[in-house]
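Colleague: Protein chains in written order, with this note's numbering: chain C, 1 to 195; chain S, 1 to 195. No residue lacks a Cβ here, since even glycine has one placed at the ideal position from N, Cα and C.
Protein chains: 2
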Amino acid sequence: MRPNVDPVEHLIALLAKLPGLGRRSARRAALRLLMDPETRMLPLAEALRSAAESVKKCRVCNNLDSRDPCSVCSDPERDAGLICVVEGVSDLWALERAHAHQGTYHVLGGTLSALAGTGPEELSVAPLLRRATEAREVILALPATVEGATTAHYLAERLEPGGVAVTRLAQGVPIGGALDVLDDGTLAAALKARR
Amino acid sequence: MRPNVDPVEHLIALLAKLPGLGRRSARRAALRLLMDPETRMLPLAEALRSAAESVKKCRVCNNLDSRDPCSVCSDPERDAGLICVVEGVSDLWALERAHAHQGTYHVLGGTLSALAGTGPEELSVAPLLRRATEAREVILALPATVEGATTAHYLAERLEPGGVAVTRLAQGVPIGGALDVLDDGTLAAALKARR
Ligand SMILES: [Zn+2]
Ligand SMILES: [Zn+2]
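#1: Does any residue of chain S have a CB that is nearer than 8 Å to the CB of L196 of chain C?
#2: Would you say the beta carbon of P69 of chain S comes nearer than 7 Å to a heavy atom of ligand 2?
#3: If I measure Cβ to Cβ from A80 of chain S and keep anything under 6 Å in the same chain, skipping five residues before and after, which residues do I get?
#4: Got a sec? Which residues, its chain only, sit under 7 Å from H101 of chain S by beta carbon, not counting five neighbours each side?
#5: Check whether the Cβ of V125 of chain S sits closer than 7 Å to any heavy atom of ligand 2, and report yes or no.
#6: Could you pull out every residue in the same chain whose Cβ sits closer than 8 Å to the Cβ of H99 of chain C, ignoring the five residues on either side in sequence?
#7: Which one or two residues does DSSP pair with E137 of chain C in a beta bridge?
#8: Apart from the five residues on each side of it in sequence, which residues of its chain come closer than 8 Å, Cβ to Cβ, to P69 of chain C?
#9: Return yes when the C-beta of C58 of chain C is under 7 Å from any heavy atom of ligand 2, and no when it is not.
#10: Just to make sure I have the definition right: I need the residues of chain S whose C-beta is within less than 7 Å of the C-beta of H10 of chain C. Which are they?
#11: Is any beta-carbon of chain S found at less than 8 Å from that of D6 of chain C?
#12: Measure the Cβ-Cβ separation of T151 of chain C and L142 of chain C and say whether it is below 8 Å.
#13: Give me the chain C residues within the contact set of S124 of chain S, using Cβ-Cβ distance strictly less than 8 Å, ordered along the chain.
#14: Is L34 of chain C buried or exposed, if buried means 16 or more other CB atoms sit within 10 Å of its CB?
#15: Can you tell me whether G148 of chain S is buried or exposed, with buried defined as 16 or more other CB within 10 angstroms of its CB?
#16: Would you say the beta carbon of C73 of chain C is closer than 7 Å to some non-hydrogen atom of ligand 1?
#17: Using a Cβ-based criterion (distance less than 7 Å to any ligand heavy atom), does N63 of chain C qualify as near ligand 1?
#18: Report the rounded CA-to-CA distance for L48 of chain S versus S50 of chain C, giving the unit in angstroms.
#19: From the DSSP output, in three-state form, read off T150 of chain C for me.
#20: So A29 of chain S packs on L14 of chain C, CB below 8 Å; how close in whole Å?
#21: Between the C-alpha atoms of A135 of chain C and V164 of chain C, what's the straight-line distance to the nearest angstrom?
#22: Relative to the C-alpha of V8 of chain C, which residue among C:L21, C:L169, C:A26 and C:G20 is closest?
#23: Per DSSP, which residues does H106 of chain S bridge with? Please list them.
#24: If contacts are defined as beta-carbon pairs under 8 Å, then A52 of chain C and A45 of chain S qualify, I think. What distance do you get, rounded to the angstrom?
#25: Is there a Cβ from chain C that is less than 8 Å from the Cβ of P19 of chain S?
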């Protein structure tokens with residue numbers, strides 16, 4: 001009944017692309033929004049537009065934030081000598097929510113993977129090596145997967161000759177588990193018990 | 001670390017209010033959007049704005065559509081003498097997806113509930129009674145709940161004296177089940193076997 005360019009169908013199609021929303025829940029979400037255009041739909045549209053315009057990648061650590069350098073990097077109370085290396089921005093956010101880390105971060109943007117053809121040039125490795133020359137300790141908070149371990153090994157080999165202490169998350173990170181689905185307590189414990 | 005008005009936190013809070021998205025998936029969705037502001041985030045913002053501006057309630061049947069009367073009501077090939085009464089817009093959309101109904105619809109906007117204090121005045125009952133005077137048959141496609149049955153009974157008592165045939169969805173609607181989570185085949189069968 002609806003032409004292809006129908007705004008409702010178009011909205012449902014875009015919502016269905018979000019992680020966690022299938023087509024059915026996208027439809028329910030669209031309907032809920034349509035029932036309250038003024039109080040739900042337009043505020044969400046405006047929040048998206050505003051975030052898209054204001055959020056940038058931090059030039060120091062690659063975090064996504066409305067400030068550049070990000071609010072972590074520009075906080076004078078954060079220990080810039082202690083850099084926590086994570087795979088992605090979601091891991092950084094998870095560690096921030098856990099209030100587990102008083103230093104700064106470095107978002108690699110992925111892990112090394114021969115299979116996926118991801119080499120060090122595809123990741124933010126060179127900027128990390130530069131930052132590490134001014135740091136006291138680098139914590140490798142990478143996922144407990146083969147790729148995460150490979151990446152940690154690779155980074156440790158390049159970092160340690162520079163004299164910086166290289167530590168890793170210890171117990172608490174389940175094998176194969178992503179950091180950003182862990183509860184805050186587990187994250188805090190794993191960070192405290194780093195080796 | 002972030003002030004309260006942070007655009008990212010604000011976006012996550014709004015996304016978390018959508019049905020089907022918890023706080024964790026809202027965060028994942030926000031991050032995914034933030035990673036592609038031009039190709040994902042701004043198009044979604046624009047789709048929301050455009051839908052909010054163009055979608056209205058159909059003056060005839062209460063459907064939500066970019067046309068008023070809606071695309072069903074304004075389709076000359078739909079049988080205006082056959083009105084299918086549903087609780088909500090999501091039920092209308094479910095029946096449309098199932099291509100189960102060649103007539104028109106009437107969205108009640110709820111079911112009668114003494115507990116919730118929903119009387120006939122809170123629902124679109126009077127407009128339905130007016131439309132029914134010109135109709136041949138009214139199909140009561142209400143949920144198989146106590147409130148749905150009460151509402152169907154109430155409507156049948158008011159409709160039948162006017163001479164219109166009143167039918168109901170038959171087999172296939174599970175007890176306590178909402179229409180919009182049924183598969184298309186079940187919906188089509190229930191409609192065909194109406195009594
Ligand atoms: Zn930063
Ligand atoms: Zn209509």
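Modeller: In short, the structure shows the following:
#1: Absent from the model: residue 196 of chain C. The displayed extent of chain C is 1 to 195, so no value can be given.
#2: Yes, Cβ of P69 of chain S sits closer than 7 Å to a heavy atom of ligand 2.
#3: So the qualifying residues of the chain are T104.
#4: C84, L95 and L191
#5: no
#6: D184 and A188
#7: Paired residues: C:L82 and C:A165.
#8: C58, R59, V60 and C61
#9: no
#10: A47
#11: yes
#12: It is a contact, given that the beta carbons lie within the stated cut-off.
#13: Within chain C, no residue comes near S124 of chain S; the closest Cβ sits about 14 Å away, beyond 8 Å.
#14: It counts as buried.
#15: By the neighbour-count criterion, in which 16 or more other beta carbons inside 10 Å mark a residue as buried, G148 of chain S falls on the buried side.
#16: yes
#17: yes
#18: 14 Å
#19: helix
#20: The beta-carbon distance between A29 of chain S and L14 of chain C, rounded to whole angstroms, is 11 Å. This is too long to meet the 8 Å contact definition.
#21: 7 Å
#22: C:A26
#23: Per DSSP, S:V85.
#24: Correct: roughly 7 Å between the Cβ atoms.
#25: yes
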